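Heads up, the thing below is written out as structure tokens.
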Amino acid sequence: KAGVTQTPRYLIKTRGQQVTLSCSPISGHRSVSWYQQTPGQGLQFLFEYFSETQRNKGNFPGRFSGRQFSNSRSEMNVSTLELGDSALYLCASSLSRAGNTIYFGEGSWLTVV
Amino acid sequence: TQLLEQSPQFLSIQEGENLTVYCNSSSVFSSLQWYRQEPGEGPVLLVTVVTGGEVKKLKRLTFQFGDARKDSSLHITAAQPGDTGLYLCAGLNSGAGSYQLTFGKGTKLSVIP
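Chains Y and W are the protein sequences, given in the same order.
Just so you know, the first sequence maps onto residues 543 to 655 in the working numbering.
Just so you know, the second sequence maps onto residues 1477 to 1589 in the working numbering.
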């Protein structure tokens, strides 16, 4: 079965712009989470969505937001981009909120210049 | 805030050697997962351990979950160049209705032919 699909894979944005990243979970998976990965901080939790509702949010500023649609696909948005937002953004899906098996997509590489 | 300390941070060994990577925390996790990540790709799930004291084997890789579910180890026997990559441990916190992974900073393994 198809894995977690993230688009776009690579993008370059200018400071102050906004960006929207998309994630299609594995078919049948209803829980979607987002993580930011940087060389200095490693992987850090951004949000968790289930049944179109944000269930949990990590310690990130309000410029980071997201949503989940009825088909479980999810988007995350970052507004007023800063240089420090340059990172690999990873989406993960699992069957349910209590699912112990979590699968990651290949990520979206964001570079802010 | 739950933290996972992973050690060593970097490891460079010769092909055929054995190695162990450690993942320690003062917190209890409902499960612990090990991932391997290649440059430019998302983490790929290797194993999930759920029960304290559990041992799982995946070919030359042996994973152990501590009795108290606070720590884990990954042992690789007779390492191969194909084992090269970033190994990440992640604890799943499912307390208080929250479902998120807390990641260690990772162990970057290089296996020299």
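Virtual Cβ for every residue (Gly too), placed ideally from N, Cα, C.
In this text the structure is predicted, and so the values were computed from the model without any measurement.
For residue j and residue i, the rounded distance between their alpha carbons
i         : j         : result
W/Gly1567 : Y/Thr643  : 12 Å
Y/Gln583  : W/Tyr1563 : 15 Å
W/Phe1541 : Y/Gly608  : 34 Å
Y/Ser564  : Y/Tyr552  : 12 Å
W/Gln1482 : W/Lys1535 : 22 Å
W/Thr1553 : W/Glu1493 : 7 Å
Y/Glu617  : Y/Pro567  : 11 Å
Y/Gln578  : W/Phe1539 : 26 Å
W/Asp1543 : W/Gln1509 : 15 Å
W/Gly1528 : Y/Pro603  : 36 Å
W/Ser1549 : Y/Gly600  : 27 Å
Y/Val654  : Y/Lys555  : 5 Å
Y/Arg597  : Y/Gly649  : 22 Å
Y/Phe587  : W/Cys1499 : 18 Å
Y/Pro581  : W/Glu1530 : 31 Å
Y/Arg615  : W/Gly1518 : 18 Å
W/Cys1565 : Y/Asn613  : 30 Å
Residues that residue i contacts on chain W, provided the C-beta gap is smaller than 7 Å
i        : result
Y/Arg572 : The contacting residues do not exist; Y/Arg572 stays about 12 Å from chain W at best.
Y/Thr547 : The premise fails here: Y/Thr547 is roughly 11 Å from chain W at the closest Cβ pair, so nothing lies under 7 Å.
Y/Arg639 : Tyr1575
Y/Ser575 : Gln1576
Y/Asn619 : Near Y/Asn619 there are no residues of chain W at all, since even the closest Cβ is about 20 Å away, more than 7 Å.
Under 8 Å between C-beta atoms of residue i and residue j
i         : j         : result
Y/Leu623  : Y/Gln559  : yes
Y/Glu590  : W/Gln1576 : yes
Y/Leu537  : Y/Phe646  : Summary: the structure shown does not reach residue 537 of chain Y, with chain Y confined to residues 543 through 655, and so no result is reported for it.
Y/Ser628  : Y/Arg605  : no
W/Lys1546 : W/Ser1501 : yes
W/Lys1533 : W/Val1525 : no
Y/Leu625  : Y/Arg557  : yes
W/Val1520 : W/Tyr1511 : yes
W/Leu1585 : W/Thr1560 : yes
Y/Ala634  : Y/Ser569  : no
W/Pro1557 : W/Glu1491 : yes
W/Gly1580 : W/Leu1495 : no
W/Thr1583 : W/Val1523 : no
Y/Leu630  : Y/Val561  : no
Partners in chain Y for residue i, counting only beta-carbon separations shorter than 7 Å
i         : result
W/Lys1532 : The contacting residues do not exist; W/Lys1532 stays about 13 Å from chain Y at best.
Partners in chain Y for residue i, counting only beta-carbon separations shorter than 8 Å
i         : result
W/Lys1581 : Gly584
W/Glu1517 : Glu648, Gly649
First through last residue of the beta strand (DSSP E) which encompasses residue i
i         : result
Y/Thr653  : 650-654
W/Ser1502 : Here W/Ser1502 belongs to no beta strand (DSSP E), and DSSP marks it neither H nor E.
Y/Ala629  : 629-636
W/Arg1545 : Where W/Arg1545 is concerned, there is no enclosing beta strand (DSSP E), given that its DSSP letter is neither H nor E.
Y/Phe606  : 606-610
Y/Phe587  : 584-592
Y/Asn598  : 595-599
W/Leu1521 : 1520-1525
Within chain W, partners of residue i - CB distance below 8 Å
i        : result
Y/Tyr645 : Leu1521
Y/Leu632 : Gly1518, Pro1519
Contacts that residue i makes with chain W (C-beta to C-beta distance below 9 Å)
i        : result
Y/Phe587 : Gln1576, Leu1577, Thr1578, Phe1579
Y/Asn613 : In chain order: nothing, as chain W lies at least about 20 Å away.
- Going along the region 1547-1571 of chain W in order, which residues come within less than 8 Å of chain A, judged by CB to CB distance? Structure shown: chain A not included; protein chains present are Y and W.
- Item | Segments of 3+ residues assigned as beta strand (DSSP E) that fall wholly inside the region 1549-1576 of chain W | The region 1549-1576 of chain W contains these whole beta strand (DSSP E) runs: 1561-1569.
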